[in-house]
Each structure stands twice: as C-alpha cells, then as structure tokens.
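Worksheet for the structure shown next.
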Amino acid sequence: MRRAAVLVTAVASALVVSGCGAIIGTSEAQEIARINVSSPDLREGRPLPRQFSCLGDQGSPPLRWSSRPLEEAETVAIVADSNSAESSGVYWVLYNIPASMTELGPNASESPPEGSGQAKVTSGKAGYEPPCAPKGTYRFSVYTLKGEVEVQEDASLSTVLRSIADLTIARGRLTAVNIE
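The structure is reproduced here in structure tokens:
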C-alpha cells in the first residue's frame, strides 16, 4: 500500500514539475516563463550537501530565484522532490510565498514566510523532510503563480500539487545529484 502511495505521489509530482498541469488539472496551454534558481550551498548537478539530508541538521537549503518581471505574479511555490529509480518522493512543498520575495534562508521550513503554507509530503509530515537515499536526483523547483493556492489545511499532497500546476506562469529548477 505504501509503495503504491509513493508511486502515485512520484507520478503526480513528476507531472507537476515537468509542467504537465493540463494532464492532472484543468490548466489551459500557456507559455511558461523561465526562473533562474540558485543557492549559496547547492550547485547544479553536484551532490546535495549532507547537512540538508537526513544525515545533517540544517533543514531546508537556502534558495534564490529570479525571472523577468511578470505583472500577473501573485505568489511563489517551492517543491523539492526526486523521481529517480533510487529514490522517489516529495520532500517539501511550500506555497503562497509573496511574489515580492526572491530568496529563502536556510531552514525556512521551520520558519516559513508569513501567510505561506506547507503541504504534507510523501512521508505524511508537513514541512521539509530531508532525503536519505545516498543516490538520487534531488530537484528544488520554484514556481511563480498567478494567484494563491487555496486549499483546505489538511488537503492531500496531490490536491496542493494540482493547484500549483493550475496557477503556474513561470518555473525553474536546481538539481542536486546524490548526497555528499
């Protein structure tokens, strides 16, 4: 049963992250702008520093993002996931970040921006659940949204991801490979 739940979650998150919101939601085809995502502690294609894994104690990594100005931008969402054969799951979903913000410091999951929400991830925990599999592809995706994610407090992960997909107007990603 747990394996099936993980598979469903991984497929749903892969669809959201790949921009296939029309498949799992009611999004209409639209051009998606690009967001540049960076971090002072993560490097594209390099290992996830161990302090941001279950082997460390730093919580969520710091992230920065930028894109061309989008006048319809209202909020930002972050999804941390993995869809590799070695590990798959969703590790963090933070949504309704004010669009005026362009970065989060380390361990932002413990002290999220005012007005934001965090979904329950694959493990069932709300907030950042650090990955543990030493081999995997860990993606930190940032989405600019044209509205607020409006879901009930106990909404399922798939409901939150579908809402993010439906509202996405820009996206970008920073990918770490394996854990240090």
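End of the sequence shown = 191 in the numbering used here, gap-free, step of one. From the three backbone atoms N, C-alpha and C, an ideal C-beta is built for every residue, glycine too.
Contact between L74 and S50 is confirmed by a C-beta separation of about 5 Å, below the 8 Å threshold. Here F151 is bridged, per DSSP, to A91, L185. A distance of 8 Å or more separates the beta carbons of Y106 and V153.
The three-state reading of DSSP puts L81 in coil, since its state is none of H, G, I, E or B. Taking 8 Å as the cut-off, the beta carbon of N189 is found closer than this to the beta carbon of P145. Going by C-alpha positions, S174 is about 21 Å away from E140.
Secondary structure note for I108: it is in no alpha helix (DSSP H), and the uninterrupted beta strand (DSSP E) holding it is 99 to 109. In this chain, the beta strand (DSSP E) harbouring V48 covers 47 to 49. For I89, same chain residues with a beta-carbon under 6 Å away, outside a window of 5 residues either side, are L105, V153 in chain order. Membership of L178 in the alpha helix (DSSP H) is indicated by the continuous run 168 to 178.
Comparing alpha carbon positions, the residue from A187, I108, T113 closest to Q129 is I108.
Sorting S127, C143, G126 by C-alpha distance to the C-alpha of S134 places C143 at the top. Counting C-beta atoms within 10 angstroms of its own C-beta, R57 has fewer than 16 neighbours from the protein chains shown and is therefore classed as exposed. Around the beta carbon of A96, fewer than 16 other beta carbons lie within 10 angstroms, which makes this residue exposed.
In the assembly as shown, G100 is a buried residue. Its beta-carbon has 16 or more other beta-carbons within 10 Å.
Collapsing the DSSP output to three states places Q163 in coil. Beta-carbon to beta-carbon, L178 and V160 are separated by about 7 Å, close enough to satisfy the 8 Å threshold. Cβ-Cβ distances below 8 Å link T186 to E55, G56, T148, Y149, R150, F151 in the same chain, with the five nearest sequence neighbours on each side left out; the list follows chain order. In this structure R79 is exposed. Its beta-carbon is surrounded by fewer than 16 other beta-carbon atoms within 10 angstroms.
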